[in-house]
Structures are given as structure tokens and as C-alpha cells.
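Following this line, the structure appears as C-alpha cells:
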């Protein structure tokens, strides 16, 4: 998890810097094409490699159960910060 967090924190710095450096050598349209191809490859890899998480025979959507869970979460002390007491 620490590696993923490090990548998420460093990528916004490295991305624009490397893009600006590459624009000295190639046109911005070429960089756009490279990024588009990389995005399509990532999407294809995701669609092929990521397993489906929806369970077969799962319960159908019910607005009543969603409302009941919502009310229950606010009744729980952990999820209602206004009800916490400082000690």
C-alpha cells in the first residue's frame, strides 16, 4: 500500500515535468497519441484481467433497505461525529 501511495503522490509532479521535457523533442499531438494508446491498453488489460465482482443471484435493489441502512449508519456512534464527546 505504501508503494501505491508513493506513486499517487509523486505522479502529479513527475508527469508534467516529463511531458514538458518530451515536448522539446516531439510535437504535443504525438504525446497525446502515446497517452491515448496507453490508456486504451490499460482499459483492455482491465477488461480482460479484472474479475467480475457482482455475485450471481445477488439480492435485487431495494430503496427501503438502502434507507434503512442509511438511518442505521447515523444511529451508530462511529458515523455521527456530532454525537461524539471529547474527554
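Residue numbers (this note's numbering): 967 to 1053. Ideal placement from N, C-alpha and C gives every residue a C-beta, glycine not left out.
Short check: CB of residue i to CB of residue j, under 8 Å?
i	j	result
residue 985	residue 997	yes
Considering only residues of the same chain and omitting the five flanking positions on each side of residue i, which have a CB-CB separation below 8 Å?
i	result
residue 988	997
Excluding five sequence neighbours on each side, which residues of the same chain lie with their C-beta closer than 7 Å to the C-beta of residue i?
i	result
residue 1012	none
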